[in-house]
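Student: Residues in the sequence shown are numbered from 1 upward in steps of one, following my numbering.
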Amino acid sequence: MTSKTEADKYNLCSQLLDEGKFVEAIKLAETLSSDAFRAAIFIDGGFALGDSSKVRKGTKMFEDMLLVDESTSGFSKCSILYNAANGYSSLYTLKRINHKVVSPPNESDLRNAKKLYRQAVENLGNSEPSFASQVLINYGNCLSQLGRFIDAIEHYEKAIHLDPANGMAAGNLGIELEHATLITGRYRHEYIALAYDFLKQALSPKMHLRYGSPQAANDFQARLKYMENFIKAHKEPILPPEPAKATNKNKTHQSYIQFCIKNGLFLNAWAGNKNLTPGIVDDISFGSITTSVNDKHLVPELLRILNEIKESYTTARYLYFMSQNKSEILDNVSQTAIYLDNFDYSINGVYTGLCKTAYSRAFDVLDKVARIVNTYFEIGKRESTFWNIFAEKQSQGEAHEIRFAARQSICDTQNPSMFALSDLCIDYFENAKVDLKTIDIRRNRITHDYLNVKLYVAKDDSKETVIGLDELERQTKDVLLLAKYAVLYVVSAVNIAERQKEKSDERVMPMIYDSKPGETFLR
1 MTSKTEADKY
11 NLCSQLLDEG
21 KFVEAIKLAE
31 TLSSDAFRAA
41 IFIDGGFALG
51 DSSKVRKGTK
61 MFEDMLLVDE
71 STSGFSKCSI
81 LYNAANGYSS
91 LYTLKRINHK
101 VVSPPNESDL
111 RNAKKLYRQA
121 VENLGNSEPS
131 FASQVLINYG
141 NCLSQLGRFI
151 DAIEHYEKAI
161 HLDPANGMAA
171 GNLGIELEHA
181 TLITGRYRHE
191 YIALAYDFLK
201 QALSPKMHLR
211 YGSPQAANDF
221 QARLKYMENF
231 IKAHKEPILP
241 PEPAKATNKN
251 KTHQSYIQFC
261 IKNGLFLNAW
271 AGNKNLTPGI
281 VDDISFGSIT
291 TSVNDKHLVP
301 ELLRILNEIK
311 ESYTTARYLY
321 FMSQNKSEIL
331 DNVSQTAIYL
341 DNFDYSINGV
351 YTGLCKTAYS
361 RAFDVLDKVA
371 RIVNTYFEIG
381 KRESTFWNIF
391 AEKQSQGEAH
401 EIRFAARQSI
411 CDTQNPSMFA
421 LSDLCIDYFE
431 NAKVDLKTID
441 IRRNRITHDY
451 LNVKLYVAKD
461 DSKETVIGLD
471 ELERQTKDVL
481 LLAKYAVLYV
491 VSAVNIAERQ
501 KEKSDERVMP
511 MIYDSKPGET
521 FLR
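1) Can you grab the Cα-Cα spacing for the pair R382 / L421, in whole Å?
2) By how many angstroms is the C-alpha of I183 removed from the C-alpha of A29?
3) Look at L267 and V487 and say whether their C-beta atoms are less than 8 Å apart.
4) Pull up the distance between the alpha-carbon of D344 and that of K454, whole angstroms please.
5) Tell me whether the beta-carbon of A483 lies closer than 8 Å to the beta-carbon of A362.
6) Check A180 in the structure and name its three-state DSSP category.
7) With a threshold of 16 other CB atoms inside 10 Å of the CB of I257, please say whether the residue is buried or exposed.
8) Give me the DSSP bridge partner(s) of K531.
9) May I have the straight-line CA-CA distance separating D440 from F22, to the nearest angstrom?
10) Say whether the region 329 to 338 touches the region 403 to 416, bearing in mind that this needs 3 or more beta-carbon pairs closer than 8 Å, one atom from each stretch.
11) With distance defined between alpha-carbon atoms, name the residue in R188, M65, T93, S90 nearest to Y81.
12) Measure the Cβ-Cβ separation of T375 and E301 and say whether it is below 8 Å.
13) Quick one: measure Cβ to Cβ for I352 and L319, integer angstroms, because I've assumed they're closer than 8 Å.
14) Does any CB atom of chain D fall closer than 8 Å to the CB of R371?
15) Can you tell me the Cα-Cα spacing of N348 and Y156, whole angstroms?
16) Looking only at its own chain, which residues have a Cβ that is under 6 Å from the Cβ of E174, when we skip the five neighbours before and after it?
17) Does DSSP put F377 in a helix, in a strand, or in coil?
18) Comparing C-alpha positions only, which one of V490, G212, L146 sits nearest to F286?
19) Extract the residue ranges of the alpha helix (DSSP H) inside the region 242 to 320, only unbroken runs of 4 or more that lie entirely within it.
20) Tell me which same chain residues have a C-beta within less than 7 Å of the C-beta of P416, skipping the five on either side of it?
21) Are the beta-carbon atoms belonging to A193 and I238 less than 8 Å from one another?
22) Once DSSP output is grouped into helix, strand and coil, what is the label at M1?
23) Are at least three pairs of beta-carbons, each pair with one atom in the region 106 to 118 and one in the region 80 to 95, less than 8 Å apart?
24) Just the C-alpha distance for I289 and A39, rounded to the nearest angstrom, thanks.
25) Would you list the one or two residues that DSSP bridges to R403?
26) Measure the Cβ-Cβ separation of A202 and G167 and say whether it is below 8 Å.
27) Using only the alpha-carbon positions, how far apart do F259 and I309 sit?
28) Indicate whether F390 and I410 have their beta-carbon atoms separated by less than 8 Å.
29) Determine whether the beta carbon atoms of A7 and L17 lie at a separation below 8 Å.
30) Among all the DSSP beta bridges, which residues are the ones paired with N166?
31) Beta-carbon separation of L32 and K60 under 8 Å?
32) How close, in whole Å, do the beta carbons of I137 and N172 come, if the pair is a contact with beta carbons under 8 Å?
33) Scan the region 29 to 73 and note each continuous beta strand (DSSP E) run of 3 residues or more that stays entirely inside, going in chain order.
34) On the criterion of 16 or more Cβ atoms from any shown chain inside 10 Å, does I338 qualify as buried, or is it exposed?
35) For Y211, which residues from the same chain have a beta carbon less than 6 Å from its beta carbon, with the 5 sequence-adjacent residues on both sides left out?
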């Protein structure tokens, strides 16, 4: 337990920090007996002074606290993880302030921050909503720095849901939504209108910015002013999108569209609230691509790959939809097959077969994402897969510690969306997101062996060969979303690369490619 005197002394340290007396705050913190209090002041004061050694010292103290019983410190594991993550995040920020060359997916301080923030999120438990909201915001900030704007938006939305008065959540969401329109190249008016609303909300008297800096408030104000001018420059009103809903006359079609809206499964450029998707259509596409007049290969090849991706994805999604909706026809088809030795709560039939096929078909989309990278960026080989084109195993230091890192060719692009794709791979290899690795193992079993689906999973059932029905349904949706995010990131990567190209004085001749909805016949 922390004594009242100790808490008072810590509060005085915090007051000194607020007054800009950073050296005095750190000096007073040296007399604190609480490691957590001392470490927190070292990180905040050290950051303000630009003293990375002091920040690293405070960060190390928090990490050491994770090695002992949390009851001895009087602080929750989540709080310790969060503060240690803040330390690493501060160290990364100091490097950028000092103009050190950094490659986000391979930057150890940023990666450590992400790992610890994620663990803090996993350990939130019954934390106070205001604290949980801030943990989610900082994790979102970290993901944003790794180029993962879709994931960042998702966490800012969760943060607002937990603490609707958190202005930092609303402001960061507004900034990220505006950023999304620049890299997706679509839904500009909808993104801007929604971003404007969130920034306006962030700066309203009803909101608090207690976890942010004065600079954050200034940034919000500047972006709000820019968007206000953009909106006023248009004669027609620019409004946020209305909640999407299916209006199809056919009940099955309507049910399918509503299912896609509810689960955020449309393959388009919308990365905001899934219920506000401006388009209930799979129209993801590249922006303008400039090539030499003699290059008649690049754009047609990219479009063929993207068409294949859409076909695979929409097929997988519809199979998933069918697996989740009871049908008399499917019932009859399922009962034509007789299954053996499956009275141990095993489930076989057309419904599970559809779900398994959707699972593996959606996963196959990832390798097609690698084909876009190979074709456009000329990285890797034609046969490269999603898992070997972005990241590689490295041996580091005298101890030859093994870690996974983004390939140098990926880092050389200086493309945030390429960083995002490499970070997804690194998560997979380091098992940071367990479901990613489990998903791949199970996909391989569905394709090459067997995956036993059970209504009830026993404790001694192998995780590699057995999956619960509920988990299969959930993971199939996860794979579809993973595929969707990967496609959004790779399309964004191409758009960013096109903007990075040097402008030429030579005449540009536009080429228009026709488009049409999917065919309604087989032959």
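Note that CB positions come from ideal geometry on N, CA and C, so glycine has one too.
Tutor: So, from the listed chains and residues:
1) 18 Å
2) 44 Å
3) yes
4) 8 Å
5) yes
6) helix
7) buried
8) The first residue shown for the chain is 1 and the last is 523, placing residue 531 beyond what the model contains.
9) 49 Å
10) no
11) Checking the sequence, you will find Leu at residue 81 rather than Tyr. Closest option to L81, Cα to Cα, is M65.
12) yes
13) It should be noted that the sequence gives Thr, not Ile, for residue 352. Not confirmed; about 11 Å, so no contact.
14) The question asks about chain D, but that chain is absent: this structure has only one protein chain.
15) 40 Å
16) Reading off the sequence shown, one finds Gly at residue 174, where the question assumed Glu. These residues qualify, in order along the chain: A195, F198, L199.
17) helix
18) V490
19) 251 to 263
20) G147, I496
21) yes
22) Low local confidence applies: a pLDDT of 45 at M1 is under 50, so the model's placement there is unreliable, with the coordinate-based value given in what follows. Correct three-state label for M1: coil.
23) yes
24) 50 Å
25) Q394
26) yes
27) 20 Å
28) yes
29) no
30) H208
31) no
32) 6 Å
33) none
34) exposed
35) Q134, M168
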